[in-house]
Amino acid sequence: MDISSVFFALVTVVAIVSALMVVTCKNPINSALSLVLTFFCLATYYAMLNAPFMAAVQIIVYAGAIMVLIVFTIMLLNIRVDANKKGSHQVALGSVMGIVTLLLTGLILTRGKVSQPVGGITSDMINKLGHTELIGKVMFTDFLLPFEVTSILLLVAIVGAVILAKRKLS
Amino acid sequence: MDNLNNYLIVSAVLFSIGTIGVLTRKNAIVMFMCIELMLNAVNLTFVAFSRHLGNLDGQIFVFFIMTVAAAEAAVGLAMFIAFFNNRESIDIDDANLMKW
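Same order as they appear, the protein sequences are chains A and B.
The numbers in the first sequence follow my numbering, run straight up by one, and end at 203.
The numbers in the second sequence follow my numbering, run straight up by one, and end at 520.
Here it is, written out as structure tokens:
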């Protein structure tokens, strides 16, 4: 067993335990901090998958921006620990649905076939040219229109957030 | 490729944990965080496949998913604040105006 698979197992254990803590913690702040830990584990996976730029973006955007927004909202609303969880039958039903989802994905994983590599991006190329440059080239040539449409999405989100959160003037 | 399967299994487990969270929790913000967890599980699948297939398109999709998640965070949290101002609660069972 080489060092990379040991490291993979370690990161996996941390990721799954912290994901379970997101679901089980009673205090929303604890859930949020566990979610940050999960995001860091995912960034580690991206780095292991030879995608360092994605790892950086994961930490900056998710752990940096989105989680700060969520923690800010939790603290702003001063939410108490929610003592009243859903009824036990709802918990049981939800857990059954989750396990069914896991079994379905497992079925697809065991039955499905993955094609052989189709593109020309190898790890040598990533190391030589740099991941950011390769991503940038694809994003601003093949995916230019979706990239521009994304800006409209963000504009709509900004306007929507302002409209929803503003105080009533009357 | 054995390596790809490991990542896909981790991703499936994270997605299922997120599903369980969305279905079993009452607190709207915790449900929201579980949805983020599901989105991240999908992102991991995209990056793993992108690496396996030697094609960067999957990683561009991860960018778009991150953008959607950011927009969702902005609008969703604004909705939670508006909801809290009306109902003094963030419990989804209190969102019952359209319930019959």
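Every residue, glycine too, gets a C-beta built ideally from N, C-alpha and C.
Owing to the predicted nature of the structure, the values given are computational and were not obtained by experimental measurement.
{"Item": "Within chain B, partners of S64(A) - CB distance below 7 Å", "Value": "V450 and M453"}
{"Item": "Whole-angstrom C-beta distance between N460(B) and L75(A), which should lie under 8 Å", "Value": "5 Å"}
{"Item": "Cutoff 7 Å: M172(A) Cβ touching any chain B Cβ", "Value": "yes"}
{"Item": "First through last residue of the alpha helix (DSSP H) which encompasses T134(A)", "Value": "S121 to R144"}
{"Item": "Backbone CA spacing between I455(B) and L66(A) [nearest angstrom]", "Value": "15 Å"}
{"Item": "Residues in the segment 90–112 of chain A having any Cβ partner in chain B nearer than 9 Å", "Value": "V90, Q91, V94, Y95, A98, I99, M100, L102, I103, F105, T106, I107, L109, L110 and I112"}
{"Item": "Strand pairing of N447(B), partner residues [DSSP]", "Value": "D511(B)"}
{"Item": "Three-state class that DSSP yields for M421(B) in the structure shown", "Value": "Because M421(B) sits at a pLDDT of 46, beneath the cut-off of 50, its placement in the model cannot be relied upon, and the following sentence gives the value as read from the coordinates. In the structure shown, M421(B) sits in coil (DSSP, three-state: anything other than H, G, I, E or B)."}
{"Item": "Amino acids of chain A, ordered along the chain, whose beta-carbon sits closer than 7 Å to that of L428(B)", "Value": "L142"}
{"Item": "Residue-chain proximity (N447(B), chain A), Cβ-Cβ < 7 Å", "Value": "yes"}
{"Item": "Integer Cβ distance of V44(A) from Y78(A), believed to fall under 8 Å", "Value": "7 Å"}
{"Item": "Whole-angstrom C-beta distance between F86(A) and I168(A), which should lie under 8 Å", "Value": "6 Å"}
{"Item": "Alpha helix (DSSP H) runs contained entirely in the segment 35–87 of chain A, provided each spans 4 or more residues", "Value": "36–57 and 61–81"}
{"Item": "Cβ neighbour criterion (16 or more within 10 Å) applied to N111(A)", "Value": "exposed"}
{"Item": "Cβ shell of D511(B) (< 8 Å), same chain only, five flanking positions each side left out", "Value": "K446, N447 and A448"}
{"Item": "Proximity of I480(B) and M172(A) at Cβ, strictly below 7 Å", "Value": "yes"}
{"Item": "Interface residues of chain A facing I440(B) [CB-CB closer than 7 Å]", "Value": "V56, G127, S128 and G131"}
{"Item": "Local Cβ density within 10 Å of L162(A), reported as buried at 16 or more and exposed below that", "Value": "exposed"}
{"Item": "G153(A), buried or exposed, once every other Cβ within 10 Å from all chains shown has been counted against 16", "Value": "exposed"}
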